[in-house]
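Residue numbers (my numbering): 178 to 523.
Think of the CB as a built atom: it goes at the ideal place given N, C-alpha and C, for glycine as much as any other residue.
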């Protein structure tokens with residue numbers, strides 16, 4: 178564990194802005210004794226929210242005033258060019274300067290992606306950054322999905338690199354040396370899928386850095402068959418949001434059914450520990466926080482509609498990645514692959 182951690186938060190992003198990010202920040206510093214947070218946004222708004230929680234004078238909550246906001250309607254290119262004093266940009270600049278070790282934002286995904294690319298730059302050898310997050314499975318461990326929307330279309334080389342980065346993330350998080358990596362496809366047979374997926378499969382099979390186990394179908398995501406599932410951003414984003422929607426539907430239907438009959442209510446009371454454990458396992462809030470991997474810094478994207486609890490989960494994810502020194506781990510592997518490719522070409 179690192180002695181001191183500093184994370185910059187974009188307080189003005191998302192659907193709820195400081196209403197969810199401020200309570201999350203307060204809970205996060207109380208949960209992590211070595212954590213300081215730089216709260217980037219409108220100072221007056223942030224101060225009022227902190228005051229309502231009796232935390233205005235907290236020594237590890239530092240306000241950094243920003244005069245601009247990147248809204249959900251803002252075009253990414255415009256955000257990069259003209260929103261230099263936005264809460265999102267300032268938070269990223271703090272990571273670049275080294276004043277903060279990570280950034281967390283629930284703001285405009287496209288703007289965050291382009292701005293992070295512009296400010297932090299890519300790690301050497303990495304073609305494109307990708308969004309990665311975990312979802313629960315039937316097994317003890319979750320599965321890590323990427324890309325979740327940073328890149329709508331991906332060529333074979335991008336998918337291959339996502340496999341490497343996903344393997345590093347899962348290996349660090351799960352504590353395993355050889356995570357199982359799979360490609361999401363429309364079938365498990367080798368003949369299925371378009372050319373980019375087939376070429377990516379060949380690259381993964383040949384790589385010493387990937388334990389490739391073949392294709393996965395959509396129904397395999399929750400099976401625990403793989404530790405990492407790689408896909409294009411368009412497919413990944415749809416898959417993730419479908420998973421979250423199904424989880425909410427099941428829990429809502431289950432809760433409604435229990436409330437319809439006195440006998441069911443009694444059964445629910447008896448089974449409450451099991452129900453709470455199940456709800457905790459599938460609750461999307463605890464899996465909030467998709468990491469933008471491949472950059473020269475740590476950036477965690479929270480859902481735009483994240484609650485305070487969900488936003489805190491994103492902060493917790495950033496803390497873990499700082500402690501694991503994730504960009505350094507990725508850079509080391511890509512340095513090896515670059516050296517090998519250079520030797521082959523010579």
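Can you grab the Cα-Cα spacing for the pair residue i / residue j, in whole Å?
| i | j | result |
| --- | --- | --- |
| residue 197 | residue 414 | 23 angstroms |
| residue 353 | residue 331 | 27 angstroms |
| residue 350 | residue 285 | 27 angstroms |
| residue 510 | residue 295 | 23 angstroms |
| residue 527 | residue 437 | Past the edges of the chain, shown from 178 to 523, lies residue 527, and the structure says nothing about it. |
| residue 318 | residue 356 | 11 angstroms |
| residue 190 | residue 288 | 11 angstroms |
| residue 360 | residue 512 | 24 angstroms |
| residue 211 | residue 205 | 10 angstroms |
| residue 435 | residue 421 | 21 angstroms |
| residue 227 | residue 199 | 7 angstroms |
| residue 186 | residue 245 | 14 angstroms |
| residue 275 | residue 440 | 59 angstroms |
| residue 302 | residue 485 | 36 angstroms |
| residue 256 | residue 292 | 7 angstroms |
| residue 238 | residue 273 | 20 angstroms |
| residue 180 | residue 364 | 47 angstroms |
| residue 521 | residue 465 | Caution applies to residue 521, whose pLDDT of 39 falls short of 50 and renders its modelled position unreliable; the model cannot decide the point. |
| residue 378 | residue 247 | 38 angstroms |
| residue 382 | residue 362 | 16 angstroms |
| residue 344 | residue 498 | 14 angstroms |
| residue 223 | residue 216 | 8 angstroms |
| residue 392 | residue 324 | 16 angstroms |
Check the C-beta distance from residue i over to residue j and give it rounded, since I have them as a contact under 8 angstroms.
| i | j | result |
| --- | --- | --- |
| residue 322 | residue 329 | Their Cβ separation, rounded to whole angstroms, is 15 angstroms, which puts residue 322 and residue 329 out of contact at 8 angstroms. |
| residue 426 | residue 306 | Rounded, the Cβ-Cβ distance is 31 angstroms, inconsistent with contact. |
| residue 405 | residue 358 | 5 angstroms |
| residue 333 | residue 380 | 6 angstroms |
Quick one: using the 10 Å Cβ neighbour count with 16 as the cut-off for buried, is residue i buried or exposed?
| i | result |
| --- | --- |
| residue 264 | buried |
| residue 396 | exposed |
| residue 432 | exposed |
| residue 278 | buried |
| residue 444 | exposed |
| residue 366 | exposed |
| residue 446 | exposed |
| residue 192 | exposed |
| residue 449 | exposed |
| residue 236 | exposed |
Identify every residue that forms a DSSP beta bridge with residue i.
| i | result |
| --- | --- |
| residue 343 | In DSSP, residue 343 forms no bridge with anything. |
| residue 240 | 216 |
| residue 299 | 472 |
| residue 388 | 357 |
| residue 280 | 185 and 476 |
| residue 309 | 323 and 468 |
Report task. Count the C-beta pairs between the region 334 to 341 and the region 363 to 371 that are closer than 8 angstroms, then say yes if the count reaches three, no if not. Result -> A contact between stretches requires three or more CB pairs, one per stretch, nearer than 8 angstroms, and the region 334 to 341 fails this requirement with the region 363 to 371.
Requested in this report: Spell out a yes or no on whether the region 266 to 284 and the region 483 to 491 are touching, meaning 3 or more CB-CB pairs, one atom from each, closer than 8 angstroms.
Outcome: As far as the Cβ criterion goes, the region 266 to 284 touches the region 483 to 491, which means the pair count is three or higher.
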